[in-house]
Amino acid sequence: MLKQKVIERFSIEFGEPVRERVKVKAFRILDIEVVVEVDQPKRQDACNVWLPYPPDGQEIPGMVLEYPGEAGRHSGTYASEGLKKGLPALKLILTTGRELDELVDYIRALAAGQKLPSVSVDASELKQDTGAGKGEPIRVDVSSMPAPKPPAPRREAIPRSVQREVWQRDAGMCVECGTRQLLCFDHIVPFSRGGSNTVRNLQLLCEPCNLSKGNRI
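In this note's numbering, the protein residues as written are 376 to 592.
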């Protein structure tokens, strides 16, 4: 169960939780807190972690939802330090141990005010059938190998001025269903497809509509 692994790892790295509720556990690292949702998501292989929003220009993890400060108290954070009402926040959805390893480094850098490292989404592992016996060399036709993909673009925090303008333009509601609950920023052209952090490319979606949209334009 990934949630339990996250809680155990945070306890080792950051000490025991400073606050525990039925739905969440909060951990303090220097002057910030991170919050682990105990009851959500229902999947056994996933875990939601809330972080304070990083400074403008700093890197943002890949598997994240960006919540505006104007949305009020963020679900499940219980006014933790750095996640209080009026402050933007990040909600990360972890699914693998490698993401957890990278997140620990990210949290330490965020708390120390250092340059933030990358936290990327795990790709599916590729299984290869070599057709060769154990220990035998494998002949590879280099000319038939695909060209390496360019490195993924660096995803940066949305500037606060842009966040405020998007919030005002969309009247503080989901542009798809009209709710004012669980609002987060969505890139109309996904970041993975070259989308930018401009007002024109951002919109407010509630979390269910955002997750339903996925990587589509």
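Ideal Cβ placement from N, Cα and C applies to all residues, glycine included.
This one's a predicted model, so the numbers in the text were calculated from it and none came from an experiment.
Query, Result
"What whole-angstrom Cβ distance do Pro443 and Phe566 have, given they're in contact under 8 Å?", "Not confirmed; about 17 Å, so no contact."
"With a threshold of 16 other CB atoms inside 10 Å of the CB of Ile482, please say whether the residue is buried or exposed.", "buried"
"DSSP has Ala464 in a bridge; who is on the other side?", "Pro427 and Tyr442"
"Which whole-angstrom value describes the C-beta separation of Asn423 and Ile468, a residue pair presumed to lie in contact below a C-beta threshold of 8 Å?", "6 Å"
"Quick one: what's got a C-beta closer than 7 Å to Cys584's C-beta in the same chain, skipping five residues either side?", "Cys549, Glu551 and Cys552"
"If you drop the 5 nearest sequence neighbours on each side, which residues of the same chain put their C-beta closer than 8 Å to that of Arg591?", "Pro565"
"Any idea what DSSP makes of Cys422, helix, strand or coil?", "strand"
"What is the DSSP secondary structure of Asp476, reduced to helix, strand or coil?", "helix"
"Would you kindly work out how many angstroms separate the C-alpha atoms of Trp414 and Val381, rounded to a whole number?", "For clarity, residue 414 is Asp in the given sequence; the question names Trp instead. Approximately 13 Å, taken between the alpha carbons."
"Would you decide whether Glu500 is buried or exposed? Buried here means 16 or more other CB atoms lie within 10 Å of its CB.", "Confidence at Glu500 is low in this model, with a pLDDT of 36, below 50, so its placement is unreliable and the value that follows should be read with caution. The residue is exposed, with fewer than 16 neighbouring Cβ atoms inside 10 Å."
"Name the DSSP bridge partner or partners of Cys559?", "Leu580"
"Around the C-beta of Val411, are 16 or more other C-beta atoms found within 10 angstroms, so that it is buried, or is it exposed?", "buried"
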